[in-house]
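Residue numbers (our numbering), protein chains in the order written: chain Z, 3 to 133; chain P, 265 to 433.
Even glycine gets a Cβ: it sits at the ideal position worked out from N, Cα and C.
Note that the coordinates shown come from a computational prediction; the quantities given were computed from them, not determined experimentally.
Heads up, the thing below is written out as structure tokens.
Right, dumping it as structure tokens:
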């Protein structure tokens, strides 16, 4: 799917299919009317992701860049991005989630000026309250 | 052009998407003004007419984006696991509000985690084990992003080249 900034200032997203790839750009098959495509070069984000029915086999690639309108369609030029593929092992996946969020989360807690919530106490209170 | 439907009277085939799709593609703006999109699981609250997404304090960049610029888009276009056929596409544009009282969020999250565990076995492993909850305690510290819709467009058969159903406040 492709997202650009719409005329009203809000992001607008539409399903997109990737066509011919040339270097770090690709022609996309998208609904140009919905995305209000015109001749202007615009910042854009292209996301591809998947998961199965049980929310495993998770994979995502998000590319940031710009779009230009061409006679062949909309061309996306990538300038950066991120990719993630979950390990098949749930144990390894959860281990990594715990590790990464611990490393990154401490800075965010400092920014927020808060401590980690006491989830075990919340669960005990919930259990006592029958919730 | 048809008159948009009020958001508080959405048809069942639209609200079914909010309930059945496992993930939505959520977009915020980076500090440079570039759209940044990521898949997230969320909940639709028909009573308030808002959408609630949660993210870990370890993945808080999207919440920081919303604090700076609340304009957001949410696209439901990936029907795997929903059981819906035909699979509609729904686009919501709206304003996000970050709720970052972590202690208050923990109470609310404890009430919604069971449904998450039912949908995602790997999260069940975390939620049902005290050891895993401890290891993933930063993952379980959640920031909420509540989105108030300004415009909803939906395509019942997923074909966005057709005229959409549209709702506004």
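Taking the Cβ atoms as the reference, residue 30/Z lies roughly 6 Å from residue 4/Z, within the contact range of under 8 Å.
Nearest neighbour of residue 327/P by Cα position, chosen from 414/P, 270/P, 354/P and 408/P, turns out to be 408/P. At least one CB of chain Z lies nearer than 8 Å to the CB of residue 364/P. For residue 303/P, no alpha helix (DSSP H) segment is defined; the enclosing uninterrupted segment is the beta strand (DSSP E) at 299-304. Each of 75/Z, 118/Z, 56/Z and 53/Z was checked against the Cα of residue 35/Z, and the nearest Cα belongs to 75/Z.
Secondary structure at residue 309/P: strand, using DSSP grouped into helix, strand and coil. Inclusion of residue 339/P and residue 410/P in the CB contact set at 8 Å is not warranted, their separation being larger than that value. Bounds of any alpha helix (DSSP H) do not take in residue 13/Z; it lies within the beta strand (DSSP E) bounded by 13-16. Ranking 43/Z, 80/Z and 17/Z by CA distance to the CA of residue 26/Z puts 80/Z first. Close to chain P, meaning a Cβ-Cβ distance shorter than 9 Å, are the following residues of the segment 46-60 of chain Z: 46, 47, 48, 49, 51, 52, 53, 54, 55, 56, 57, 58 and 60. Pairing residue 16/Z with residue 274/P, the inter-Cα distance amounts to about 21 Å.
In this structure residue 94/Z is exposed. Its beta-carbon is surrounded by fewer than 16 other beta-carbon atoms within 10 angstroms.
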